[in-house]
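The numbering used here applies: residue 15 is where the sequence shown begins, and numbers increase by one.
Remarks on the structure that follows.
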Amino acid sequence: MKQANARLRHAREALDDGLNAYALRLAQECVELSLKAALRVVGVEYPRKHDVSDVLGEVEERFPSWFRRELPELREASKKLTGMREVSMYGNELEMLSPDEVVDRKLAEKAVEWAVKAHKLCSRLFNELKESAKLG
15 MKQANARLRH AREALDDGLN AYALRLAQEC VELSLKAALR VVGVEYPRKH DVSDVLGEVE
75 ERFPSWFRRE LPELREASKK LTGMREVSMY GNELEMLSPD EVVDRKLAEK AVEWAVKAHK
135 LCSRLFNELK ESAKLG
């Protein structure tokens with residue numbers, strides 16, 4: 015969660031600096047790391063790939079009901095941001111477009127919005143489960 019938090023902080027800075035593609039890439043990493051922490055805290059070994067949306071769906075019963083209600087959007091964020099990861103790094107090489115020519119402000123803002131939500135929800139999950147483990 016610490017690494018996810020750092021990615022989120024830097025994604026916001028990149029967005030403020032107009033570095034849309036970089037903001038998207040950092041947001042994707044924040045979502046990925048947050049969701050992997052959520053899987054780990056419920057005892058699931060996450061796959062060694064960027065998109066964990068399928069695994070989240072397979073083990074949703076392990077999560078509290080409030081978190082399960084958010085899973086459709088979290089899974090969508092993981093899937094879509096992972097799909098945009100490559101273009102945020104390399105642009106569209108066939109059309110000779112740089113990453114910032116491909117990733118516009120609106121897309122970067124949506125990516126950061128997803129990262130904020132994922133990080134907030136996964137932090138809450140982590141803290142609640144950590145606290146209940148102390149009490150149990």
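Virtual Cβ for every residue (Gly too), placed ideally from N, Cα, C.
Exposed or buried, residue i, counting other C-beta atoms within 10 Å across all chains shown (16 or more means buried)?
i	result
ALA147	exposed
PRO113	buried
LYS50	buried
LEU47	buried
ARG89	buried
GLU109	exposed
ASP65	buried
GLU43	buried
Looking at the C-beta of residue i, does it have a partner C-beta in chain D at a distance below 7 Å?
i	result
ALA147	In the structure shown, chain D cannot be found, because there is only a single protein chain.
So, with DSSP's three-state summary, where would you put residue i?
i	result
LEU111	strand
LEU33	coil
With a CB to CB cut of under 7 Å and the five nearest residues on each side skipped, what residues in its chain are close to residue i?
i	result
LEU40	ARG21, HIS24, ALA25, ALA28
ALA91	VAL45, TRP128, ALA132
THR96	GLN42, HIS64, ASP65
ARG119	ASN34
ARG82	GLU74
For residue i, which residues of its own chain have a beta-carbon under 8 Å away from its beta-carbon, when the five flanking residues on both sides are left out?
i	result
GLU142	PRO78
ARG54	TYR60
MET98	LEU38, GLN42, VAL117, LEU121, ALA125
By Cβ distance below 6 Å, which residues in the same chain neighbour residue i in space, the five residues on each side in sequence not counted?
i	result
ALA52	CYS136, LEU139
LYS134	none
GLN17	LEU47
VAL73	VAL58
The region 29-39 in contact with the region 98-115 per 3-pair CB rule at 8 Å:
yes
Check whether the region 124-135 touches the region 16-29, counting contact only when three or more Cβ pairs, one atom from each stretch, lie closer than 8 Å.
yes
Please specify which runs of the beta strand (DSSP E), each continuous and at least 3 residues long, are wholly inside the region 60-118, giving them in chain order.
Whole beta strand (DSSP E) segments, 3+ residues: zero.
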